[in-house]
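Enquirer: Pasting in a structure now, in structure tokens, and then I'll have a few things to ask.
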Amino acid sequence: MNNNRDSLDFSKEPVGWLFRKMFLPTLIGMVSMVVLNITDGAFVGHGVGSDALAAVNIVAPLYMIISGIGLMFGIGGSVVASIHLSKGNVKAANINLTQSILASVATGIVLGALVFMFQRETCLLLGCSEALLPLACSYIKWVAVVTPFNMFGMTSMFMVRLDGNPKFAMVINCFIASLNILLDYLFVFPMQMGLEGAAMATMMAFGTGSAPLAWFLLTRTKTVHLRRLKLSVTSLELTVRNLSYQMKIGASGLLGELALASTMIVGNYVFIHYLGEDGVAAFSVGCYCLPIVFMIGNAIVQSVQPIISFAHGMNDGARLASARRIAFGTAAITGVVGMFSIWFGAGIIAVTFMEPGCHAYELCRDGLPYYSPAFLFIAVNVVATGYLQSIEEARKAMVFTVLRGFLFSIPCFILLPMAIGDNGTWLALPLAEAMTTAVMAAILVARRR
Numbered sequence: 002m003n004n005n006r007d008s009l010d011f012s013k014e015p016v017g018w019l020f021r022k023m024f025l026p027t028l029i030g031m032v033s034m035v036v037l038n039i040t041d042g043a044f045v046g047h048g049v050g051s052d053a054l055a056a057v058n059i060v061a062p063l064y065m066i067i068s069g070i071g072l073m074f075g076i077g078g079s080v081v082a083s084i085h086l087s088k089g090n091v092k093a094a095n096i097n098l099t100q101s102i103l104a105s106v107a108t109g110i111v112l113g114a115l116v117f118m119f120q121r122e123t124c125l126l127l128g129c130s131e132a133l134l135p136l137a138c139s140y141i142k143w144v145a146v147v148t149p150f151n152m153f154g155m156t157s158m159f160m161v162r163l164d165g166n167p168k169f170a171m172v173i174n175c176f177i178a179s180l181n182i183l184l185d186y187l188f189v190f191p192m193q194m195g196l197e198g199a200a201m202a203t204m205m206a207f208g209t210g211s212a213p214l215a216w217f218l219l220t221r222t223k224t225v226h227l228r229r230l231k232l233s234v235t236s237l238e239l240t241v242r243n244l245s246y247q248m249k250i251g252a253s254g255l256l257g258e259l260a261l262a263s264t265m266i267v268g269n270y271v272f273i274h275y276l277g278e279d280g281v282a283a284f285s286v287g288c289y290c291l292p293i294v295f296m297i298g299n300a301i302v303q304s305v306q307p308i309i310s311f312a313h314g315m316n317d318g319a320r321l322a323s324a325r326r327i328a329f330g331t332a333a334i335t336g337v338v339g340m341f342s343i344w345f346g347a348g349i350i351a352v353t354f355m356e357p358g359c360h361a362y363e364l365c366r367d368g369l370p371y372y373s374p375a376f377l378f379i380a381v382n383v384v385a386t387g388y389l390q391s392i393e394e395a396r397k398a399m400v401f402t403v404l405r406g407f408l409f410s411i412p413c414f415i416l417l418p419m420a421i422g423d424n425g426t427w428l429a430l431p432l433a434e435a436m437t438t439a440v441m442a443a444i445l446v447a448r449r450r
């Protein structure tokens, strides 16, 4: 590692100290994005209406897919680069990081173009009703435009943190969130631009935030750097091989977001079937709250990942065990806090997004307490998956992700409302996440025995 005194030495410094240095700025940056997400929903709900809130929730799974692709390249590139750095191979680490960033941006351009060209078809595929289609289309086209910037930001943040600069990553996240909130207010209220104004605010904030991030990566990194890649046949073959391995390592990150997206899509269908458009609006509030625990879980994972990957690369079992205890302990504490905050704060949360007295508000206020246990189990499951990725156990990480996102959640959403009525729509996600945690725990106990 670079001996610059401002750098973090992931191979020698005390694990607890390293985690605190990484986690606090990362958490602040993630919390700023949570505040952005909640404020955006509150502006849409109060400034445009509950139908607009429902339309945003229809489009939200696309955000999950975009984030998942960014996480796949970011986690994969960062894990591989961390292991190279632990062995002193800085050149290989830089090549892998450069490849992951370029691949994510290229994927974002292609995906964004496809969504922009097929806006109506994409919205219908995501479960949009004909009544919500005009609103959803006005929103999704701006999501398509911002996709490459989102990809770049997601992947580059891993490089910034691996370079030992979590505070800069925090500053960029806070800047994007603050600008987005300011533009949201201006476009939705004084300028009366409706849902499309909220979408434009997000596009402009993420686009602007990409500029200082690119500047930092090109001029200010200390340990890892972007490299000019060769275009020979041999180099291209090496790039394909490296990206394939990165995608294998980070695939569970993509699967995790796809799982969340599928949960939201199935949830939208189920809530429309049982509770109508007001039900989707109420469910959207729960979906606005979900990123809180996901982002905190990802903050834990992104903070501990370089420590775990370095320890794994050096075969240092003691440091690995220490990092594992800290990560899971932090996840459990934040999960419990999140669960009780949603449980007891359901009324406050509901009124933040919609006018009291409307049917959607009442559905949300009464349903969130049933929904709240999901936050505890999600925090633990996200960290468990991230830990497995960090030690190159990609197959196990993918198995757990498939369990929680597909094999458990979809049947729960379909069967629970049939068995116990409307409350089953809210209990489906907590039950699916709890079942995944139980399977993880059973396998770990069996392995120890």
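Residues in the sequence shown are numbered from 2 upward in steps of one, following the numbering used here. Glycine included, C-beta positions come from ideal geometry on N, C-alpha and C.
(1) Considering Cα atoms alone, identify which of L255, I349, I293 and A385 is closest to G368.
(2) Between L432 and Y64, what straight-line distance do the alpha-carbon atoms span, to the nearest angstrom?
(3) For the segment 145 to 191, which segments carrying the alpha helix (DSSP H) assignment without a break, of at least 4 residues, lie completely within its bounds, in sequence order?
(4) Suppose the cutoff is 7 Å on Cβ atoms and the five residues either side in sequence are ignored; what does the same chain contact list for G219 look like?
(5) Under 8 Å, do M248 and G77 count as touching if we go by C-beta distance?
(6) Between the segment 75 to 90 and the segment 286 to 300, can you find at least three pairs of beta-carbon atoms closer than 8 Å?
(7) Assign G358 to buried or exposed, taking buried as 16 or more other Cβ atoms, counted over all protein chains shown, within 10 Å of its Cβ.
(8) How big is the Cα-Cα spacing for K397 and T386?
(9) How long is the line joining the alpha carbons of F150 and T209, rounded to whole angstroms?
(10) Would N243 pass as an interface residue toward chain C - the criterion being a Cβ-Cβ separation below 8 Å?
(11) Of all the alpha helix (DSSP H) runs that stay within the bounds of the segment 371 to 441, which reach a length of 4 or more residues?
(12) What does the alpha-carbon distance come out to for the pair L261 and P62?
(13) Using three-state DSSP, classify P15 as helix, strand or coil.
(14) DSSP on C290, reduced to helix/strand/coil?
(15) Given that a residue counts as buried once 16 or more other Cβ atoms are within 10 Å of its Cβ, and exposed if not, what is N4?
(16) Is G368 a contact residue of the ligand PLP, with contact defined as CB to any heavy atom under 7 Å?
(17) Whose CA, out of L134, I96 and D423, lies closest to the CA of T240?
(18) For the segment 63 to 118, list the alpha helix (DSSP H) runs that are entirely contained and at least 4 residues long, ordered along the chain.
(19) Taking S68 as the reference, give the member of A435, V440, A43 and V106 with the closest Cα.
(20) With M464 and V146 assumed to form a contact (beta carbons below 8 Å), what rounded beta-carbon distance in angstroms separates them?
(21) Residues in the same chain with beta-carbon distance under 8 Å from A1, minus the five sequence neighbours each way, listed in chain order, please.
(22) Roughly how many whole angstroms lie between the Cα atoms of A82 and A202?
Expert: Looking at the coordinates:
(1) I349
(2) Distance from the CA atom of L432 to the CA atom of Y64, rounded to whole angstroms, is 24 Å.
(3) 167 to 189
(4) Looking at the sequence shown, residue 219 is not Gly but Leu. Spatial neighbours of L219 in its own chain (CB-CB distance under 7 Å, excluding positions within 5 residues in sequence) are listed in chain order as L227.
(5) yes
(6) no
(7) By the 10 Å Cβ count, G358 comes out exposed.
(8) 8 Å
(9) Between the alpha carbons of F150 and T209 lies a distance of about 9 Å.
(10) Here chain C cannot be found, since the structure has a single protein chain.
(11) Counting whole runs of 4 or more residues, the segment 371 to 441 contains the alpha helix (DSSP H) stretches 375 to 391, 395 to 403 and 410 to 421.
(12) 7 Å
(13) coil
(14) helix
(15) Bear in mind that a pLDDT of 40 at N4, under 50, signals an unreliable position, so the model cannot answer this.
(16) As for the ligand PLP, it is missing from this structure, which has no ligand bound.
(17) Of the candidates L134, I96 and D423, the one whose C-alpha sits nearest the C-alpha of T240 is I96.
(18) Along the segment 63 to 118, the alpha helix (DSSP H) occurs as fully enclosed runs of 4 or more residues at 91 to 118, listed in sequence order.
(19) V106
(20) Here the chain covers residues 2 to 450 and nothing more, so residue 464 does not appear.
(21) Because the chain here runs from 2 to 450, residue 1 falls outside it and cannot be looked at.
(22) 34 Å
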